[in-house]
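Position one of the sequence shown corresponds to residue 348 (the numbering used here), numbered consecutively onward.
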Amino acid sequence: MLKLWNKERVSLAAEVLKSIAPRVMDALDNRPLFVRLKGLDCMKGSLDRARVVYAPVEEIGSENRLSRACQVIIDAFVEAGLVLEKDIGHELKLHATVMNAKHRKRRGNRMGRSDSFNACGIFKQFGSEEWGEYLIREAHLSQRFKNRLGRFDDSFNLGSLKAYLAEFISTLVFVFAGVGSAIAYNKLTTDAALDPDGLVAIAVCHGFALFVAVAIGANISGGHVNPAVTFGLALSGQITILIGILYWIAQLLGSIVACFLLKAVTGGLTIPTHGTGIGAIEGLVAEIIITFALVYTVYATAADPKKGSVGTIAPIAIGFIVGANILAAGPFSGGSMNPARSFGAAVASGDLSGIWIYWVGPLVRGGLAGLIYRNVFMHSQHAPLSNDF
348 MLKLWNKERV SLAAEVLKSI APRVMDALDN RPLFVRLKGL DCMKGSLDRA RVVYAPVEEI
408 GSENRLSRAC QVIIDAFVEA GLVLEKDIGH ELKLHATVMN AKHRKRRGNR MGRSDSFNAC
468 GIFKQFGSEE WGEYLIREAH LSQRFKNRLG RFDDSFNLGS LKAYLAEFIS TLVFVFAGVG
528 SAIAYNKLTT DAALDPDGLV AIAVCHGFAL FVAVAIGANI SGGHVNPAVT FGLALSGQIT
588 ILIGILYWIA QLLGSIVACF LLKAVTGGLT IPTHGTGIGA IEGLVAEIII TFALVYTVYA
648 TAADPKKGSV GTIAPIAIGF IVGANILAAG PFSGGSMNPA RSFGAAVASG DLSGIWIYWV
708 GPLVRGGLAG LIYRNVFMHS QHAPLSNDF
């Protein structure tokens, strides 16, 4: 059993895991794998005084890649002295924890380390339950081992560099199409005022473009395409602060390059920047509200581990909410929701006046949406048990 009784041992375990990451991926053959969860088992204590209930995990197929990867980790922990000698020969059990007494909500006096619960009813009803087969695409370091600030070597490994490039490309694709639609409207109408048909066309173009941009980056970088989304995820601990900053740089560069490309291919046509018709404060409030809706949608459909099949429509949902928000706020604040999109257009046009609205508004509400969803809806507590148990 892994023994982490102080911060020093936790830090050592984190260093070990990070150092063997390439070996673990080699053991997994750098490919996703299918696993099956079936039945329940009790890790500690009897059923009437259970401490941990788990669902056994088995890899589908005969490759044993998951077992090999786990053995790499175990050997590294043993070599680092993090496993007691008496535990070295214990059989490896792959499992998904269902209930752990240490994570139960306390009522009244706080219970001690020997918390337990009666699991007989649970086993009677679910002991032979077929929980299903699952495709495992990613491996993540436990929150217990994460450094919120981030490490330089983790932020500049090959996988991270690919993620930054993916964010650059996705943002470039989105901004080129989105801002390009506004330029096209101005050219076709000889810079006439925005009418309802033009608003709908621009909103649809932004929605489609973001759908594609998120989809093409989702499996590499997560498909943020927006500093406000990245800020919300960093603030809530989904990504490290250092990686968040580097995502920002990639997104801003992607937007700037897209806008200068538009300026070049259109023969120097004006790059649209901000909305008109309301004051700075009203614009700020509008950006705060619509960005909250966007980042909340990102969390609910893409970042929440419980998203299930909803995750498959995440790019569509994100594109739809952006299109809807542009229809609602476009004539007033411009409906940006995206500091990178506004910043690139402002740099290319040479007009940075009022750009703070498109940073402060989205970042304030994006961060708030991330914190609310993370702390209210994404929690580590087990759901309350039925009274039948």
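By construction, the Cβ of each residue, glycine as well, lies at the ideal position given by its N, Cα and C atoms.
Beta-carbon gap between A676 and G670 smaller than 8 Å:
no
Would you kindly work out how many angstroms separate the C-alpha atoms of E514 and K471, rounded to a whole number?
Cα-Cα distance, rounded: 49 Å.
Boundaries of the alpha helix (DSSP H) in which W703 is found, first to last residue:
Per DSSP, W703 lies in no alpha helix (DSSP H) and is assigned neither H nor E.
Quick one: which unbroken beta strand (DSSP E) runs of 3-plus residues sit fully inside the segment 352 to 406? Chain order, please.
380 to 385, 388 to 391, 399 to 406
Of all the options P662, Q418, I636, which has the alpha carbon lying nearest to the alpha carbon of G569?
P662
Where N456 and A692 are concerned, what is the direct C-alpha to C-alpha distance, given to the nearest angstrom?
Because the pLDDT at N456 is just 46, under 50, the model does not fix this residue reliably, and the point stays unresolved.
Is the beta carbon of L631 closer than 8 Å to that of G708?
yes
Any idea what DSSP makes of I668, helix, strand or coil?
helix
Using only the alpha-carbon positions, how far apart do E634 and A716 sit?
13 Å
For I563 versus S517, is the C-beta spacing smaller than 8 Å?
yes
Pick from L429, F607, A649, T444 that is closest to L387, judged by C-alpha positions:
T444
Measure the Cβ-Cβ separation of V645 and I660 and say whether it is below 8 Å.
no
Cα-Cα, which of L616, R412, Q418, T577 is closest to M684?
Ranking the options by Cα distance to M684, first place goes to T577.
At which residues does the beta strand (DSSP E) containing E480 begin and terminate?
477 to 483
Taking the beta strand (DSSP E) that A443 belongs to, which residues open and close that run?
442 to 447
Pick out whichever of F381, I567, L496, G525 has its Cα sitting closest to the Cα of G479.
F381
Compute the distance between the beta-carbons of I618 and V526, then report whether it is under 8 Å.
yes
Would you call V723 buried or exposed, if buried means 16 or more other Cβ atoms sit within 10 Å of its Cβ?
exposed
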